[in-house]
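Going down the list, the protein sequences come from chains A and B.
So the working numbering is basically just the index in the first sequence, starting at one, shifted up by 98.
So the working numbering is basically just the index in the second sequence, starting at one, shifted up by 98.
Idealized CB from N, CA, C, for every residue including glycine.
Before any comments, here is the structure.
2 protein chains.
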Amino acid sequence: MNLPADRLRGSLLSLLLVSATPAFAQDGWKAADFKLGNGMEVVVIPDHRAPIVTHMVWYKAGSADEPPGKSGIAHFFEHLMFKATANHPAGEFDSAVAAIGGSDNAFTSYDYTCFHETVPPQALEQMMGFEADRMRNLVLTDETVATERDVIMEERRARVDNDPEALLDEEVDATLWQNQPYRIPVIGWMQEIAALNRNDAKAFYDRYYAPNNAVLVVAGDVTPETVKALAEKTFGKIPRGQDLPPRIRPVEPEQNARRTVTLSDPRVSVPSFSTQWVVPSYHTAKPREAEALNLLAEILGGGTRSRLYQELIVNKGIASSVGAQFQGRMLDDTNFLVYATPNGDTKLPELEAAVAAEIARISRDGVTDEELEAAKNRFVRSMIFARDKQESMATIYGTTLTTGGTLQDVEEWPDRIRKVSAEEVKAVAARYLRQNRSVTGYLLPEQQAGN
Amino acid sequence: MNLPADRLRGSLLSLLLVSATPAFAQDGWKAADFKLGNGMEVVVIPDHRAPIVTHMVWYKAGSADEPPGKSGIAHFFEHLMFKATANHPAGEFDSAVAAIGGSDNAFTSYDYTCFHETVPPQALEQMMGFEADRMRNLVLTDETVATERDVIMEERRARVDNDPEALLDEEVDATLWQNQPYRIPVIGWMQEIAALNRNDAKAFYDRYYAPNNAVLVVAGDVTPETVKALAEKTFGKIPRGQDLPPRIRPVEPEQNARRTVTLSDPRVSVPSFSTQWVVPSYHTAKPREAEALNLLAEILGGGTRSRLYQELIVNKGIASSVGAQFQGRMLDDTNFLVYATPNGDTKLPELEAAVAAEIARISRDGVTDEELEAAKNRFVRSMIFARDKQESMATIYGTTLTTGGTLQDVEEWPDRIRKVSAEEVKAVAARYLRQNRSVTGYLLPEQQAGN
Chain A
99 MNLPADRLRG SLLSLLLVSA TPAFAQDGWK AADFKLGNGM EVVVIPDHRA PIVTHMVWYK
159 AGSADEPPGK SGIAHFFEHL MFKATANHPA GEFDSAVAAI GGSDNAFTSY DYTCFHETVP
219 PQALEQMMGF EADRMRNLVL TDETVATERD VIMEERRARV DNDPEALLDE EVDATLWQNQ
279 PYRIPVIGWM QEIAALNRND AKAFYDRYYA PNNAVLVVAG DVTPETVKAL AEKTFGKIPR
339 GQDLPPRIRP VEPEQNARRT VTLSDPRVSV PSFSTQWVVP SYHTAKPREA EALNLLAEIL
399 GGGTRSRLYQ ELIVNKGIAS SVGAQFQGRM LDDTNFLVYA TPNGDTKLPE LEAAVAAEIA
459 RISRDGVTDE ELEAAKNRFV RSMIFARDKQ ESMATIYGTT LTTGGTLQDV EEWPDRIRKV
519 SAEEVKAVAA RYLRQNRSVT GYLLPEQQAG N
Chain B
99 MNLPADRLRG SLLSLLLVSA TPAFAQDGWK AADFKLGNGM EVVVIPDHRA PIVTHMVWYK
159 AGSADEPPGK SGIAHFFEHL MFKATANHPA GEFDSAVAAI GGSDNAFTSY DYTCFHETVP
219 PQALEQMMGF EADRMRNLVL TDETVATERD VIMEERRARV DNDPEALLDE EVDATLWQNQ
279 PYRIPVIGWM QEIAALNRND AKAFYDRYYA PNNAVLVVAG DVTPETVKAL AEKTFGKIPR
339 GQDLPPRIRP VEPEQNARRT VTLSDPRVSV PSFSTQWVVP SYHTAKPREA EALNLLAEIL
399 GGGTRSRLYQ ELIVNKGIAS SVGAQFQGRM LDDTNFLVYA TPNGDTKLPE LEAAVAAEIA
459 RISRDGVTDE ELEAAKNRFV RSMIFARDKQ ESMATIYGTT LTTGGTLQDV EEWPDRIRKV
519 SAEEVKAVAA RYLRQNRSVT GYLLPEQQAG N
């Protein structure tokens, strides 16, 4: 039914790589936006290539908005949204989508929770009706909550606790983030999931599930006028919820030490490592810093033309996989990641030193104008793929608007990327990718010597 | 004036080592306890050896009770308690103590904040009057708060940010604790201290500074009857505050990976390391587990007779300092720590391996009955020193009662220690001191190679 929270790191990454890709304004992909009387924001992206429409309701509430000790409640609540409402029994919404040949899903991340359907345009009003209904009319019983809690605990067991890589990811996150709530896994920690109850769910629902805390994104074969009329008829009927305070969360203290996390497990067959740094996000960065980090990730490790790929896989043959990622669309400071898996008999320390050497080289000598230009062009190419898919286009708007960004940020983003200089890329590498503020996770095949 | 929060790790350690030492019941040190009508708990420990009395007011509020993003407010508030009240200008309380030749101080830790005076018995009522006054009548102005905030920021700069060892301690704590609030430094993180304001102070005061959230401990040349009469006249007049919910805080998830934190700094002259593990405290442990951890710390690294000292300093000559510590009196799970500094040309990895070998040996082969008996006897001897000092005796009661313990826990503690078996000491070593759940901090003299 729902994208499990623990897979969201993966799916989030791909979303964000996609979000390194807009530029709709120039050629007719211009979005319209307006607000309903109850404060609900609406974005419409007309796309008349095919008779389908993607309907997404985004809530500005994710795992980083959870109260202390209640980890997992955002994702838990996403599951509960598929239960009965005062007007519809559980399963009726899903059945209706299936009956018209549509698809639906939901996902939870650190800063947002999203519910979405892809259907023919004539079913849009029905989808809005269902979503508007469950925004406020969910029937939360102790029994429903207890049953779903068991489901989620089993989900956690299967996808995290039985997976050394997922376990290590969790511990690395909690070691990278020492104050920001991103240190807490989206799916939640087992002992806290186990204690979640109806009161926690009700409190989360009452606080965050309201039209003035939601963004409706509709992409597809519709006009803004139609969407507006339908939205007023459905979502527009819901009373405005309480005014929430600004989303100001604890932020990181300065990091002065290198940190490592090592997981040795007999289930691991090939060793690997990844190194992360705290860096600004699009929302927290100074102008063009986040864009420069996007280009740095692309040049350093964004695919087969990147430095790490060319040097470590093609030239030296010491890595079987390598890459760099920047998760830019986050409300608070985010992470920059490099990772590598050795090839053949190469030992992890040798591979790690080779990766460090590439990072040191880019921090010291910068990037060439040619590779910067090529990286910008690769972004533009990937944009073509992204906007070809209605759902990813809508997702770019949703993630941006729920992480402190604006429509203008989406639309001006390609221009801002084009303006980044080679000097700016070098500057963010030198400033942020320093060993004495890094966190490295090692995944090793077997128990090391020692007690 | 106040014990700075960042020194509390040190002072707390010594307090807790002292708390490995009671047994008053057998020989006339029996404490009396009762409650005032407003819910304030009172403990009296008569000690008629000299005409002095130690008066301590303990609040069940420490840094681990702070709201998210408000780190440092507990310690900040401790400072503010020395400012003007509605009835006394700032400094009057201190001057009164000084005028009668007494001493006063205060300290903040994770689970409690304590204000105390040592004075002649005839000044006890006056002390109670002052403490009762500032429990509720503090005058908090924007100006007072702003001035004291500057003082605390300077304190943090001087004692933490300019001290590599203190910086490393902070990052290790935040790496050891990934969910419990003990990960947050008592003094607070700079960016959060800088944002604390009068509203934060007022909210903390109104919530926690009330008779029903305080424990009065009086040790010295007084009778329980006198203390009761005086307490009723002073503290007894304060209305009961709001009922606080149980102090249930987020707890740690299971740890599956070894973590390290490395700080390299030119100001460091000699390298050192320490390794920590999350272990149960007296409040969270199963019966006799915490006592066994106390004895394990004593046998492994509690002074010159310990295994680490004998093996690494005396026999091998590879360490210049070495030790083990268990901070048992905490409300939530706590830490067990070993540390070592190399001697001469010994390299850190060699020393670390030698320490690990001693831990592995005790986990595998256990301890002998002889060394267990000797460790228990050393505890009894150190008790004699502890109870000889009125303030440390009172402190044992205060820390116990503000970390979920009872008077009975204090009084039965020596018997419980005596009942620990060698098998139980081995069991806690084997269960908790495992490398794959350890966190090691390295303090290195200079920048390592690398970017």
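- The alpha-carbon of ALA438/B is positioned some 9 Å away from that of THR373/B.
- In the structure shown, the three-state DSSP call for ILE143/B is strand.
- Contact with chain B is found for SER362/A, since one of that chain's Cβ atoms lies less than 8 Å from the residue's Cβ.
- Beta-bridge analysis with DSSP links ARG405/B to no other residue.
- For the pair GLY200/B and THR332/B, the CB atoms are not nearer than the 8 Å cut-off.
- Within the region 419-467 of chain A, the alpha helix (DSSP H) runs of at least 4 residues that lie entirely inside it are, in chain order, 446-463.
- VAL142/A is the residue among ARG281/A, THR432/A, VAL142/A whose C-alpha sits nearest the C-alpha of MET491/A.
- In this structure the region 521-529 of chain A touches the region 449-461 of chain A; the number of beta carbon pairs closer than 8 Å is three or more.
- Taking a Cβ-Cβ threshold of 9 Å, the residues of chain A close to LEU266/B are ASN354, ALA355, in chain order.
- Residues of the region 153-173 of chain A with a C-beta atom less than 9 Å from some C-beta of chain B are PRO165, PRO166, GLY167, LYS168, SER169, listed in chain order.
- When PHE424/B, ALA455/B, VAL366/B are compared, the shortest CA-CA separation from GLU409/B is found for ALA455/B.
- Listed as beta-bridge partners of GLU215/B by DSSP are HIS153/B, ASP202/B.
- Looking only at ASP486/A, ALA422/A, PRO447/A, the smallest Cα-Cα distance to LEU531/A is reached by ALA422/A.
- By the neighbour-count criterion, in which 16 or more other beta carbons inside 10 Å mark a residue as buried, VAL249/A falls on the exposed side.
- Around GLY539/B, the same chain offers LEU266, VAL270, VAL359, PHE371, SER372 as residues with beta carbons nearer than 7 Å, after the five sequence neighbours per side are excluded.
- Spanning the alpha carbons of ARG232/B and THR152/B requires a straight line of approximately 18 Å.
- From the listed residues GLU450/A, SER418/A, GLY426/A, the smallest Cα separation to GLY442/A is found for SER418/A.
- Under the 8 Å criterion on CB atoms, GLN289/A is classed as interfacial with respect to chain B.
- In this structure, ILE397/B is the residue among ILE397/B, LEU429/B, GLY401/B, SER480/B with its C-alpha nearest to the C-alpha of GLU468/B.
- One Cα belongs to LEU505/A, the other to ARG347/A, and the distance between them is close to 23 Å.
- The C-alpha of MET251/B lies about 7 Å from the C-alpha of ILE291/B.
- Under a 10 Å Cβ-count criterion, ALA317/A is classified as buried, with 16 or more other Cβ atoms of the shown protein chains found around its own Cβ.
- Inter-residue distance for LEU499/A and HIS381/A is about 10 Å (C-alpha atoms, whole angstroms).
- VAL377/A and ASP431/A do touch by the CB rule: their CB atoms are close to 7 Å apart, below 8 Å.
- For the options HIS146/B, ARG405/B, MET138/B, the alpha carbon positioned closest to that of LYS128/B is the one of HIS146/B.
- A direct Cα-to-Cα measurement between GLY160/B and PRO283/B gives close to 11 Å.
- Assigned with DSSP and collapsed to three states, LEU394/B falls in helix.
- Annotated three-state conformation of LEU222/A is helix, per DSSP.
- The Cβ of ALA272/A sits closer than 8 Å to at least one Cβ of chain B.
- Residues of the same chain with a CB within less than 7 Å of the CB of LYS168/A, apart from the 5 flanking positions on each side, are GLU290, LEU294, ASP298 in chain order.
- In the three-state reduction of the DSSP assignment, ALA130/A falls in the strand class, which pools E and B.
- Chain A has no Cβ within less than 8 Å of the Cβ of ARG345/B.
- The Cβ atoms of GLY399/B and LEU406/B sit closer than 8 Å to each other.
- Going by beta carbons, ALA172/A and THR206/A fall inside the 8 Å limit.
- At least one CB atom of chain B sits nearer than 8 Å to the CB of GLU269/A.
- Excluding sequence positions up to five before and after GLU389/B, its CB lies within less than 6 Å of the CB of ARG514, ILE515, VAL518, all in the same chain and listed in chain order.
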